[in-house]
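Quick notes on the structure that follows.
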Amino acid sequence: MYNETMHKELIELLTTDSASGRETAVAELLIGKLKALGFTVTTDNAGETFGGECGNVLGVLEGQLDGSLFLCSHMDRVPNGLGIQPVEKDGILYSDGTTILAADDISGVCAILEGLRRALSTGKPLPRLEVYFTVGEEAGLYGAKATDVSIFHSRMGYIFDSPGRVGRFVTAAPGRYQLGAEITGLAAHAGNEPEKGIDAAKIMCDMLSSLKQGRLDPVTTSNFPILSTGTKAPNVVCDFASFSGEARSRDTRTLEEYVAYFEAHCRQVAEEKGAGLKLIKKQGFLPFRIPESDEPVVVAKAACAKLGLSASFEAGGGGMDANIFNARGMATIGVATGYSKNHTKSEQLILEDFYKSGELAQVLIETFAERCGSK
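Sequential numbering of the sequence shown, starting at 393, is according to this note's numbering.
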């Protein structure tokens, strides 16, 4: 199965440089593509909320049916996504090994565009279609966070931004807190009078060594990989140290309980050692879970059955724009487009799955349309 249009578009967008906050080149291409399909296109100022250069792109096409469907992907990519040179081998697309591939999320963008083209070409009556390409997703879901969802008529939709084989849908994802601690000790000469100092670096290590982290339970994790100290000289007792990381859980109560434990644990260690402490706590996004009885899942099951795909509905481990939209009352689930090992130089895209994801986008639109009445 080969789709020349999708393949050409994929390469075009993969090789167009983009990064969180620097999505303009991709955005301009997508604005042109949506307008060519008859969409009314607008942009917002989402980039300004996180120091970016452009905003989210919204394309709207009014339909003949009474209903509205939301389709979304993001335009940015993780770092090391500039100058991508795609390489194809045995039906799988890779980068040349020096960069990521950015199938996350350009493959999702292309799947939506192909689904739109295919659905419109049939001439069948369709509902209102709302296509949303966001900025700053990889940096912290910034484009989605900056969105006023009252601009949408849709109350449900699909986020084409999930790893896995075509037919996989993400119906649950964790919430996230950014956490950290700044420890203030007391400098002293490390050779002459170390006992007069308070070693912030050692206190930081004590905090981390006794802190519960990693896989905490089946739905909860934490990770603290960023460490620093304010002392460069080996003969000075360290007077400042800090560490930061995150906690995630698909259960809101468990996540909040871990955050409270983290704060109490760090305070106790700092007090025992006589050190100053400043805690950092920032909620990133809330978890979500969409029941199988809800409309996005029902439509997805029916669409997969029409295509002969084996549908699976799973929980993901990462955050996505769906976290924000679900928290604001829009029932959305993730759609896989065939990529894996995303965020690494080993990222790959199974092209057969990728082409099939374009068909899936079309059938999702048409299946939703069957549930809509005439205006």
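For every residue, glycine included, the Cβ atom is placed at its ideal position computed from N, Cα and C.
Residue burial annotation: Gly709 is exposed, with fewer than 16 other C-beta atoms found within 10 angstroms of its C-beta.
Between Leu619 and Met599, the gap from beta carbon to beta carbon reaches 8 Å or more.
8 Å or more divides the Cβ of Glu420 from the Cβ of Leu505.
Non-local beta-carbon contacts of Glu530 in its own chain, meaning distances under 6 Å to residues more than five positions away in sequence, involve Ser412, Asp468 and Val470 in chain order. Using a Cβ-Cβ distance cut-off of 8 Å, the segment 630–640 and the segment 690–702 are not in contact, since fewer than three pairs of beta carbons, one from each stretch, lie closer than that value.
When the Cα atoms are used, Thr621 and Ala592 turn out to be separated by approximately 8 Å. Assignment of Phe525 by DSSP, reduced to helix, strand and coil, places it in the strand class.
By the Cβ rule, the segment 644–657 does not count as touching the segment 496–516, because fewer than three pairs are nearer than 8 Å. The continuous beta strand (DSSP E) containing Gln570 extends over residues Gly567 to Thr576.
In the DSSP assignment, His657 falls within the unbroken alpha helix (DSSP H) covering Thr644 to Lys665.
A Cβ-Cβ distance of about 7 Å is found for the pair Pro679 and Ser641, placing them in contact under the 8 Å criterion.
Our two residues, Val690 and Glu684, have alpha carbons roughly 7 Å apart in a direct line. Contact between Gly559 and Ala714 is ruled out by a C-beta separation of about 18 Å, above the 8 Å threshold.
Counting along the chain, Lys767 sits inside no beta strand (DSSP E), nor does DSSP assign it H or E at all.
In the three-state reduction of the DSSP assignment, Gly721 falls in the coil class. The Cβ atoms of Ile725 and Ile682 lie closer than 8 Å to each other. In this structure, Ser465 sits away from Ile476, with a CB-CB distance that is not shorter than 8 Å. For Phe746, the enclosing alpha helix (DSSP H) starts and ends at Leu743 to Glu762. For the options Ala692, Lys665 and Thr613, the alpha carbon positioned closest to that of Phe654 is the one of Thr613. In this structure, the beta-carbon distance from Ala438 to Gly532 does not fall below 8 Å.
Counting only residues of its own chain and dropping the five nearest sequence neighbours on each side, Asp458 has a CB closer than 6 Å to the CB of Cys764, Gly765 and Lys767. According to DSSP, Cys502 shares a beta bridge with no other residue. Going by C-alpha positions, Tyr569 is about 25 Å away from Phe525.
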